[in-house]
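Please read the structure below before turning to the comments.
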Amino acid sequence: MTMSGTAMLNQKGGVGKTTDTAGLAGALAAAGKRVLVVDYDPQGNLTSALKAPRLVPSEKPGVTPTTLTQSMIHGCSQDQARALVHRHSDRLHVIPWAIDMYKLNRQLYSVRAGTERLRRVLELLAEDYDECIVDCRPALDLDTDNALEYAENLLVPVEVDEFCIEALDQLWEQVKTLEAELRLPPRVWRGLVISRVNLPLSAFLKEVRKALHAYSPPRTEGVPEDFVLPVVGEILVRTAFPEAKNKGQTIDEYEPRSDAAKMFRDLAVKAGYLEAAA
Numbered sequence: 249m250t251m252s253g254t255a256m257l258n259q260k261g262g263v264g265k266t267t268d269t270a271g272l273a274g275a276l277a278a279a280g281k282r283v284l285v286v287d288y289d290p291q292g293n294l295t296s297a298l299k300a301p302r303l304v305p306s307e308k309p310g311v312t313p314t315t316l317t318q319s320m321i322h323g324c325s326q327d328q329a330r331a332l333v334h335r336h337s338d339r340l341h342v343i344p345w346a347i348d349m350y351k352l353n354r355q356l357y358s359v360r361a362g363t364e365r366l367r368r369v370l371e372l373l374a375e376d377y378d379e380c381i382v383d384c385r386p387a388l389d390l391d392t393d394n395a396l397e398y399a400e401n402l403l404v405p406v407e408v409d410e411f412c413i414e415a416l417d418q419l420w421e422q423v424k425t426l427e428a429e430l431r432l433p434p435r436v437w438r439g440l441v442i443s444r445v446n447l448p449l450s451a452f453l454k455e456v457r458k459a460l461h462a463y464s465p466p467r468t469e470g471v472p473e474d475f476v477l478p479v480v481g482e483i484l485v486r487t488a489f490p491e492a493k494n495k496g497q498t499i500d501e502y503e504p505r506s507d508a509a510k511m512f513r514d515l516a517v518k519a520g521y522l523e524a525a526a
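Counting from 249, one number per residue, gives the positions in the sequence shown under our numbering.
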């Protein structure tokens, strides 16, 4: 079975990408999927949340790359790609952060095929997993172009605030531009994940939330005018999320019977990663 790739992406920071990545990955692993998550953000929050050991850059990256950045820039073998992976649990593995991640975007501009480097590494792991989720940094640049080039699926965490619609328009246009420039098949927008929802909402934020549920992207050739990006989940603020991170666990590991864990199981079903229970 070929590993399916998903980019967890929004150029706005603080919208819950890392919580959503860990939560969805935990739900999929609990359902029996073999899941790989990639900490693709120089902040390294996913690595911290899962208490994975940080990777250490090699002094000879052209011979023995030991971080994701080195593997993307210099290339790597399948064994070297597998050596990047930390086993969090039987079914959930992670490629952790390393200090050289902050150099990645700049270095990508100096190599050939600079938008294909992430795919070259992750394809070496395709036979080992069912799902790969890439936790992207909050930006639109060459490193995030790599995630878009690799991942056929997109999940977009959004926060209910006054700037969220504008950010979605920008992201949509970035993806469509990249598809055209690289002649990529249209990416599958699995949907929006409204995250960090802190109830009760003010009257203004209720209107923003309503607008997100009805969000239609900018007009694009080949996309129906009445197309609406589906909202596939709403993740409410819960104390269990920071508590799980403090333990280095996914929410499904920490409190599997909680409504917090159920939010991500429901998300996995609605976004099409899992089938609904009979």
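Don't be surprised by glycine CBs; every beta carbon is placed ideally from N, CA and C.
Quick caveat: nothing in here was measured; it's all calculated off a predicted structure.
Cα-Cα separation, residue i to residue j
{"i": "residue 449", "j": "residue 404", "result": "21 Å"}
{"i": "residue 334", "j": "residue 302", "result": "9 Å"}
{"i": "residue 310", "j": "residue 319", "result": "9 Å"}
{"i": "residue 397", "j": "residue 470", "result": "20 Å"}
{"i": "residue 312", "j": "residue 406", "result": "38 Å"}
{"i": "residue 339", "j": "residue 379", "result": "10 Å"}
{"i": "residue 524", "j": "residue 481", "result": "14 Å"}
{"i": "residue 476", "j": "residue 283", "result": "29 Å"}
{"i": "residue 252", "j": "residue 503", "result": "27 Å"}
{"i": "residue 511", "j": "residue 497", "result": "16 Å"}
{"i": "residue 290", "j": "residue 472", "result": "37 Å"}
{"i": "residue 452", "j": "residue 425", "result": "32 Å"}
{"i": "residue 364", "j": "residue 323", "result": "11 Å"}
{"i": "residue 495", "j": "residue 299", "result": "8 Å"}
{"i": "residue 417", "j": "residue 401", "result": "18 Å"}
{"i": "residue 419", "j": "residue 412", "result": "11 Å"}
{"i": "residue 375", "j": "residue 317", "result": "22 Å"}
{"i": "residue 509", "j": "residue 321", "result": "37 Å"}
{"i": "residue 354", "j": "residue 315", "result": "16 Å"}
{"i": "residue 269", "j": "residue 285", "result": "8 Å"}
{"i": "residue 551", "j": "residue 513", "result": "This structure leaves residue 551 out entirely; the chain is present only between 249 and 526."}
Among the options, nearest to residue i - alpha-carbon criterion
{"i": "residue 463", "options": "479, 277, 487", "result": "479"}
{"i": "residue 287", "options": "433, 496, 459, 343", "result": "343"}
{"i": "residue 202", "options": "367, 400, 275", "result": "Residue numbering for the chain in the displayed model covers 249 to 526; residue 202 lies beyond these limits and cannot be assessed."}
{"i": "residue 457", "options": "472, 474, 484", "result": "484"}
{"i": "residue 467", "options": "445, 271, 421", "result": "421"}
{"i": "residue 292", "options": "347, 273, 327", "result": "347"}
{"i": "residue 410", "options": "336, 455, 399", "result": "455"}
{"i": "residue 399", "options": "413, 508, 434, 376", "result": "434"}
{"i": "residue 388", "options": "325, 308, 415, 368", "result": "415"}
{"i": "residue 349", "options": "507, 304, 325", "result": "304"}
DSSP beta-bridge partners of residue i
{"i": "residue 439", "result": "403"}
{"i": "residue 253", "result": "380"}
{"i": "residue 352", "result": "Note: residue 352 sits in no beta bridge, so no partner."}
{"i": "residue 479", "result": "440"}
{"i": "residue 341", "result": "284, 335"}
CB of residue i within 7 Å of CB of residue j, strictly
{"i": "residue 499", "j": "residue 271", "result": "yes"}
{"i": "residue 329", "j": "residue 366", "result": "no"}
{"i": "residue 264", "j": "residue 444", "result": "yes"}
{"i": "residue 362", "j": "residue 370", "result": "no"}
{"i": "residue 493", "j": "residue 278", "result": "no"}
inquiry  = Under 8 Å: do the segment 506-525 and the segment 431-439 share three or more Cβ pairs, one atom per stretch?
reply    = yes
query = Per the contact definition of three or more C-beta pairs closer than 8 Å, is the segment 418-434 in contact with the segment 380-399?
reply = yes
inquiry  = Check whether the segment 381-388 and the segment 256-269 are in contact - that is, three or more C-beta pairs closer than 8 Å.
reply    = yes
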